[in-house]
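Visitor:
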Amino acid sequence: MGEMDQMKKEAEGLKSQIEAARKAAADTTLADAASGVAPAPRVQLKTRKTLKGHLAKIYAMHWATDCRLDHAMLMVSASQDGKLIIWDAFSGNKINAVPLKSSWVMTCAYAPSGNLVASGGLDNMCTVYNLKTPVVKTVKELDAHTGYLSCARFLSDTEILTASGDTTCALWDIETGKQKTVFLNHVGDCMCLALSPDMNMFISGACDSLAKLWDIRDGTCKQTFQGHTSDINAISFFPSGNAVVTGSDDCTCKMYDLRSDQEVISYQDAQLNSGVTSLALSVSGRLIFAGYDDFNCNIWDSLKGEKVGVLSGHDNRVSCTGVPQDGMCVCTGSWDSFLKIWN
Amino acid sequence: MSGSSNLVAMKKVVQQLRFEASINRVKVSQAAADLQQFCMQNALHDPLLTGVSSSTNPFRTQKLCSFL
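Residue numbers (the UniProt record's numbering), protein chains in the order written: chain Z, 1 to 343; chain P, 1 to 68.
Here's what the structure looks like:
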């Protein structure tokens with residue numbers, strides 16, 4: 001047998017081994033294990049604020065980490081009207097409007113310090129802005145990806161993680177503008193990423209329908225999660241850091257447990273045939289807010305896999321969702337150009 | 001030569017699979033119990049789950065009425 005054939009055989013053998021090991025650990029499902037848990041209450045949230053100001057589709061939003069400062073609750077949104085807007089969600093006021101060089105924006109992020117925001121999209125770059133200078137200034141243009149920037153998340157004021165349509169993710173040094181680490185393993189466009197609560201790991205979702213867990217410092221892919229049958233557009237850690245929730249164009253969301261190394265539950269409904277665009281978890285992890293192409297945001301009981309509510313109110317696709325650190329509300333952003341705050 | 005780069009790529013795939021095959025897996029029953037416990041422990045501190053009363057809801061602007 002040629003070397004290539006030998007390796008193909010070994011690869012097949014290893015895949016079977018992994019499948020068998022996962023099956024051996026699958027002594028129950030999450031839904032069955034949670035059958036004794038009281039169902040989550042029917043969740044009926046109301047729109048408390050509608051943030052109006054963007055003139056085109058909203059593609060992304062991100063809450064500031066320490067969002068409750070000076071009686072303001074800050075978040076950033078990005079629209080293909082070519083602007084980032086920093087909002088105070090309490091008052092609905094616009095604190096800042098940052099004009100973008102490229103209006104084809106796909107992601108935005110708020111640094112934990114509150115000093116910086118970032119954006120990126122079809123320009124293949126991640127641009128970092130300083131909000132604290134008298135006029136908002138561009139700090140750096142991080143330029144090395146050979147495909148669109150789908151997601152960015154700050155680790156600090158000096159480091160940022162990006163996911164790209166070039167199938168890689170990267171860790172950047174903002175000061176030098178260079179990539180410190182490139183995370184290579186996906187075979188499809190990377191669409192989303194999320195940082196672990198302890199900031200040592202991150203997960204990525206891609207068009208190869210896989211989610212991958214990475215060690216930020218050594219650059220290696222630690223685990224690969226399969227099960228989706230289409231692009232993974234949204235991803236988030238369960239707040240304990242031991243599980244990951246994904247949302248896909250296959251119209252389902254799934255939870256993968258990191259320690260069992262497998263899917264433990266799927267959130268789906270025969271009547272739901274729209275792709276999932278975005279998702280966010282409530283602070284206890286019990287509720288999953290998932291935005292869909294059908295203009296709604298469905299609320300799922302994460303343990304039982306049942307739908308417990310819906311946020312209806314947008315007139316177009318829900319493209320982004322986010323729950324702030326204190327869990328007091330959920331924000332949805334849409335192609336209808338509005339953001340809504342619900343609780 | 002595309003032949004040798006395919007071989008290099010394949011070696012990486014096998015290396016990655018070897019690594020992923022070697023991890024220890026916790027039983028789903030244990031993982032599920034831990035996920036459940038986390039939810040239960042934090043349920044009372046989850047405003048979206050418990051509901052936010054209108055008096056403490058920072059998004060409900062307090063309207064003051066004054067008699068003229």
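From the three backbone atoms N, C-alpha and C, an ideal C-beta is built for every residue, glycine too. In this text, all values refer to a predicted model and were calculated from it rather than measured experimentally.
Tell me which residues share the same chain as C282 (chain Z) and place their Cβ nearer than 7 Å to its Cβ, disregarding the 5 neighbours each side in the sequence.
Guide: According to the sequence as given, residue 282 (chain Z) is Ser; it is not Cys. For S282 (chain Z), where only same-chain residues beyond five positions count, the Cβ hits under 7 Å are V323, G327.
Visitor: Quick one: Cα of L7 (chain P) to Cα of Q15 (chain P), how far?
Guide: Cα to Cα, L7 (chain P) sits roughly 12 Å from Q15 (chain P).
Visitor: Hey, quick one: how far does the alpha helix (DSSP H) through V28 (chain P) stretch, first residue to last?
Guide: Run containing V28 (chain P): 28-42, per the alpha helix (DSSP H) assignment.
Visitor: Round the Cβ separation of A206 (chain Z) and G188 (chain Z) to the nearest angstrom and send it over; I've been treating them as touching at under 8 Å.
Guide: In this structure A206 (chain Z) touches G188 (chain Z) by the C-beta definition: roughly 5 Å separates them, less than 8 Å.
Visitor: For N6 (chain P), does the three-state DSSP call read helix, strand or coil?
Guide: N6 (chain P): helix per DSSP, three-state reduction.
Visitor: Give me the Cβ distance between D249 (chain Z) and N273 (chain Z), rounded to the nearest whole Å; I'm assuming they're in contact under 8 Å.
Guide: With 8 Å as the limit, D249 (chain Z) and N273 (chain Z) do not qualify as a contact, their Cβ atoms being about 11 Å apart.
Visitor: So is Q223 (chain Z) buried or exposed if we call it buried at 16+ other beta carbons inside 10 Å?
Guide: buried
Visitor: Please name the residue, chosen from Z:D157, Z:R42, Z:K212, Z:S240, that lies closest to V128 (chain Z) on a Cα-to-Cα basis.
Guide: For the residues Z:D157, Z:R42, Z:K212, Z:S240, the minimum Cα distance to V128 (chain Z) belongs to Z:D157.
Visitor: Could you pull out every unbroken beta strand (DSSP E) segment of at least 3 residues lying fully inside the stretch 171-197 of chain Z, listed in chain order?
Guide: 178-184, 190-195
Visitor: When you check each C-beta in the stretch 7-23 of chain P against every C-beta of chain Z, which residues fall closer than 7 Å?
Guide: Within the stretch 7-23 of chain P, those residues whose Cβ lies closer than 7 Å to any Cβ of chain Z are, in chain order, L7, M10, K11, V13, V14, Q16, L17, R18, E20, A21, I23.
Visitor: Which of the three DSSP states is assigned to M7 (chain Z) in this structure?
Guide: helix
Visitor: With a threshold of 16 other CB atoms inside 10 Å of the CB of G3 (chain P), please say whether the residue is buried or exposed.
Guide: Here G3 (chain P) is exposed: its Cβ has fewer than 16 other Cβ atoms, across all protein chains shown, within 10 Å.
Visitor: Under 7 Å between the Cβ atoms of A40 (chain Z) and R286 (chain Z)?
Guide: yes
Visitor: State the Cα-Cα distance for the pair M201 (chain Z) and V264 (chain Z), rounded to the nearest angstrom.
Guide: Whole-angstrom Cα-Cα distance: 20 Å.
Visitor: Can you tell me the Cα-Cα spacing of L49 (chain P) and I235 (chain Z), whole angstroms?
Guide: 21 Å
Visitor: Which residues in the same chain as V43 (chain Z) place their Cβ atom closer than 6 Å to its Cβ, once the five residues preceding and following it in sequence are excluded?
Guide: I299, V308, G309
Visitor: Would you say the stretch 286-296 of chain Z touches the stretch 310-321 of chain Z, given that touching needs at least three Cβ pairs under 8 Å?
Guide: The stretch 286-296 of chain Z is in contact with the stretch 310-321 of chain Z.
Visitor: With which residues is N96 (chain Z) paired in a DSSP beta bridge?
Guide: Z:I86
Visitor: At least one CB of chain Z closer than 7 Å to the CB of S54 (chain P): is that the case?
Guide: No, because no Cβ of chain Z sits closer than 7 Å to the Cβ of S54 (chain P).
Visitor: Against chain P, which members of the stretch 283-311 of chain Z pass a CB distance test of less than 9 Å?
Guide: Hits within the stretch, in order: V283, S284, G285, R286, L287, F289, I299, S302, L303.
Visitor: With a 10 Å radius around its C-beta and 16 neighbouring C-beta atoms as the bar for buried, classify H45 (chain P) as buried or exposed.
Guide: exposed
Visitor: Are P151 (chain Z) and L184 (chain Z) close, meaning C-beta to C-beta below 7 Å?
Guide: The identity of residue 151 (chain Z) in the sequence shown is Cys, whereas the question assumes Pro. Against a cut-off of 7 Å, the Cβ pair of L184 (chain Z) and C151 (chain Z) comes out as no contact.
Visitor: Quick one: which chain P residues come within Cβ less than 7 Å of G327 (chain Z)?
Guide: D46, P47, L48
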